[in-house]
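Step one of this worksheet: look at the structure below.
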Amino acid sequence: MMQYIGRRYMPSINQTDGSSASTWEGRDKASPVQEEHYLLNCMRCIELNPVRAKGITAYNALLKAHVDIEDLATIRAV
Numbered sequence: 008m009m010q011y012i013g014r015r016y017m018p019s020i021n022q023t024d025g026s027s028a029s030t031w032e033g034r035d036k037a038s039p040v041q042e043e044h045y046l047l048n049c050m051r052c053i054e055l056n057p058v059r060a061k062g063i064t065a066y067n068a069l070l071k072a073h074v075d076i077e078d079l080a081t082i083r084a085v
């Protein structure tokens with residue numbers, strides 16, 4: 008799926024900005040998360056960033072429908 012998105016989306020972006028870069032070229036690195044508490048913090052950050060940015064109102068509504076934002080922001084023992 009990611010390959011499909013890159014092939015369909017990137018030509019128009021590259022044409023617009025005059026670039027020839029791949030979608031994810033050189034920006035992101037992946038590494039395993041070993042500690043459970045760190046994994047939970049990573050997941051919380053990923054879920055809350057759009058909410059904090061206040062840029063995605065539909066996401067806000069979807070998130071609130073399933074999980075209370077305060078529950079995500081509260082650190083609890085597992």
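Residue numbering for the sequence shown follows our numbering, beginning at 8 and increasing consecutively.
Each residue gets a CB set at the ideal place from its N, CA and C atoms; glycine is no exception.
The model shown is predicted, which means the values in this text are computed figures rather than measured ones.
Query raised in the report: In this structure, does DSSP put GLU54 in helix, strand or coil?
Result: One-based indexing of the sequence shown puts residue 54 at position 47. DSSP places GLU54 in helix when its eight states are reduced to three.
**Report entry** Span separating the alpha-carbon of ARG51 from that of GLU42
**Finding:** In the sequence shown, residue 51 corresponds to position 44, counting from 1. In the sequence shown, residue 42 corresponds to position 35, counting from 1. So the two alpha carbons sit approximately 14 Å from each other.
Query raised in the report: Between VAL40 and the rest of its own chain, which residues show a CB-CB distance below 7 Å, the 5 nearest in sequence each way excluded?
Result: Looking up residue 40 in the sequence shown gives position 33. Excluding positions up to five away in sequence, the list reads LEU46, CYS49.
Query raised in the report: Under three-state DSSP, which class holds SER19?
Result: Counting from 1 along the sequence shown, the entry for residue 19 is found at position 12. Here SER19 sits in helix by DSSP.
Query raised in the report: Considering only residues of the same chain and omitting the five flanking positions on each side of GLN10, which have a CB-CB separation below 7 Å?
Result: Here residue 10 refers to the residue found at position 3 of the sequence shown. If we look at GLN10 and ignore the five residues flanking it on each side, it has no Cβ neighbours.
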